[in-house]
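Novice:
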Amino acid sequence: MRKISLSYGSKFGLVLVSFLFFMFFSLSYAQTTPKGDTTKAAAPAKLKYMGALSCKMCHNLEKTTGKQYDIWAASKHAMAYKDLAGDKAKEVAKAKGIEDPQKSDKCLKCHITGFGASAAEKGPKYNMAEGVGCEACHGPGEKYKDMKIMKDPKLAKENGMIMPGEKECKVCHNPDSPTYKEFKFADAMKVIAHPIPKKTK
Ligand code: HEC
Ligand code: HEC
Ligand code: HEC
Ligand code: HEC
Numbered sequence: 003m004r005k006i007s008l009s010y011g012s013k014f015g016l017v018l019v020s021f022l023f024f025m026f027f028s029l030s031y032a033q034t035t036p037k038g039d040t041t042k043a044a045a046p047a048k049l050k051y052m053g054a055l056s057c058k059m060c061h062n063l064e065k066t067t068g069k070q071y072d073i074w075a076a077s078k079h080a081m082a083y084k085d086l087a088g089d090k091a092k093e094v095a096k097a098k099g100i101e102d103p104q105k106s107d108k109c110l111k112c113h114i115t116g117f118g119a120s121a122a123e124k125g126p127k128y129n130m131a132e133g134v135g136c137e138a139c140h141g142p143g144e145k146y147k148d149m150k151i152m153k154d155p156k157l158a159k160e161n162g163m164i165m166p167g168e169k170e171c172k173v174c175h176n177p178d179s180p181t182y183k184e185f186k187f188a189d190a191m192k193v194i195a196h197p198i199p200k201k202t203k
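The structure is reproduced here in structure tokens:
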């Protein structure tokens, strides 16, 4: 870039360099935003959390999409809110001076889907009693849950779908959890596996 400003005169060079910088940053912004991570993509668009029942109709089919709903419903994630009413939770809460863990942000933070979402960001089937639901990991489903979008993973991502990795798990699986157990991503992934069956055509 120095060479440019030397040969064309410093003013023009400066303009050119600023222009290139501008292009570079706007392009990289445009490229990263739609793929988005939870905070960047979901927040400004204000997508609604639709509830796990909105996914069930298509994601509980043995032979095609798979039984993700039943697998999830039998998992600890589906118990995350209900378990806050149990004895263990009360004991953990009491030690922190918390009266009712099901009403405390200090616990709900990691035990429900879409913690902190406003009323406008909750669809009619949103229910915090579902605990850590599909959308806690895959992002609010308002836009991506339509068949024509869902069938195309790239389009789905542009419409708020997240394929989570270790980083997304650690938003909750970290030492801020009062009952924290060391989080081993590969092992934990085996426990929550809910694959699409291999196509047998
Ligand atoms: C109208 C039916 C329908 C609904 C409703 C639906 N899905 Fe899907 N979903 C599909 C189909 C079809 C696929 C593609 C399956 C395949 O690749 O064989 C898919 C794929 C996915 C994938 C994998 C995408 C990838 O990149 O491989 C995820 C994750 C997913 N859905 C999550 C959800 C969640 C969460 C909800 C609820 C908010 C939901 N879906 C609602 C039909 C649906
Ligand atoms: C929104 C917060 C949140 C996110 C995100 C999250 N989890 Fe969890 N997870 C929990 C909570 C809360 C529990 C405990 C629920 C209970 O037992 O009531 C849990 C429990 C589990 C368990 C069972 C642990 C046990 O001791 O039996 C596994 C395995 C697990 N999570 C894996 C994962 C993986 C893998 C990811 C990322 C792909 C993930 N979790 C993302 C909150 C979360
Ligand atoms: C930073 C996220 C986070 C916060 C905040 C949090 N939890 Fe959890 N909680 C988890 C995760 C993740 C698990 C599952 C794995 C673990 O214990 O590390 C869990 C598991 C539990 C369990 C099941 C433990 C077991 O051994 O069966 C109870 C009970 C519980 N939490 C109660 C609470 C209470 C009560 C609060 C509020 C005082 C709270 N949690 C706050 C993330 C959190
Ligand atoms: C604790 C986080 C978590 C929850 C809750 C969760 N998922 Fe997933 N899901 C994942 C992760 C991580 C993957 C990617 C697995 C991989 O890369 O192999 C995934 C993959 C998928 C896939 C693609 C599977 C494949 O074989 O390609 C579908 C479809 C899906 N999830 C649907 C759902 C539905 C529907 C629900 C609720 C009923 C749900 N998920 C709940 C974390 C979660």
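Just so you know, we're using the working numbering here: the sequence shown kicks off at 3 and counts up by one.
Even for Gly, the Cβ is constructed at its ideal location relative to N, Cα and C.
Note that the structure is predicted; figures quoted are calculated from it, not measured.
Can you tell me whether N161 is buried or exposed, with buried defined as 16 or more other CB within 10 angstroms of its CB?
Specialist: Result: buried.
Novice: Cβ atoms of H140 and M165: under 9 Å apart, would you say?
Specialist: yes
Novice: I'd like the span of the alpha helix (DSSP H) that includes Y71, first residue to last.
Specialist: Per DSSP, Y71 belongs to the alpha helix (DSSP H) from 70-75.
Novice: So, for A122: in the same chain, excluding its five sequence neighbours on each side, which residues have a beta-carbon less than 8 Å away from its beta-carbon?
Specialist: Around A122: K48, K50.
Novice: Please report the straight-line C-alpha distance between K69 and P103, rounded to a whole angstrom.
Specialist: In a straight line, the C-alpha of K69 is about 31 Å away from that of P103.
Novice: In the region 121-195, which residue ranges form an unbroken alpha helix (DSSP H) of at least 4 residues, counting only runs that do not cross its ends?
Specialist: 136-140, 149-152, 155-160, 168-171, 187-194
Novice: Considering Cα atoms alone, identify which of K201, I194, K192, T181 is closest to K1.
Specialist: This structure cannot settle anything about residue 1, because the visible part of the chain is limited to 3 through 203.
Novice: Mind checking E137: buried by the 16 CB within 10 Å criterion, or exposed?
Specialist: buried
Novice: At a cut-off of 8 Å, is I151 close to ligand 4 when judged by its beta-carbon and the heavy atoms of the ligand?
Specialist: With a cutoff of 8 Å, I151 does not count as near ligand 4, since its C-beta is closer than that to no heavy atom of the ligand.
Novice: Beta-carbon separation of P142 and M59 under 9 Å?
Specialist: Here P142 is not near M59, since their CB atoms are 9 Å or more apart.
Novice: K124 and S56 look like a contact to me (Cβ under 8 Å); what is the Cβ gap, rounded to whole Å?
Specialist: In fact, because the Cβ distance is near 12 Å, the residues do not count as touching under 8 Å.
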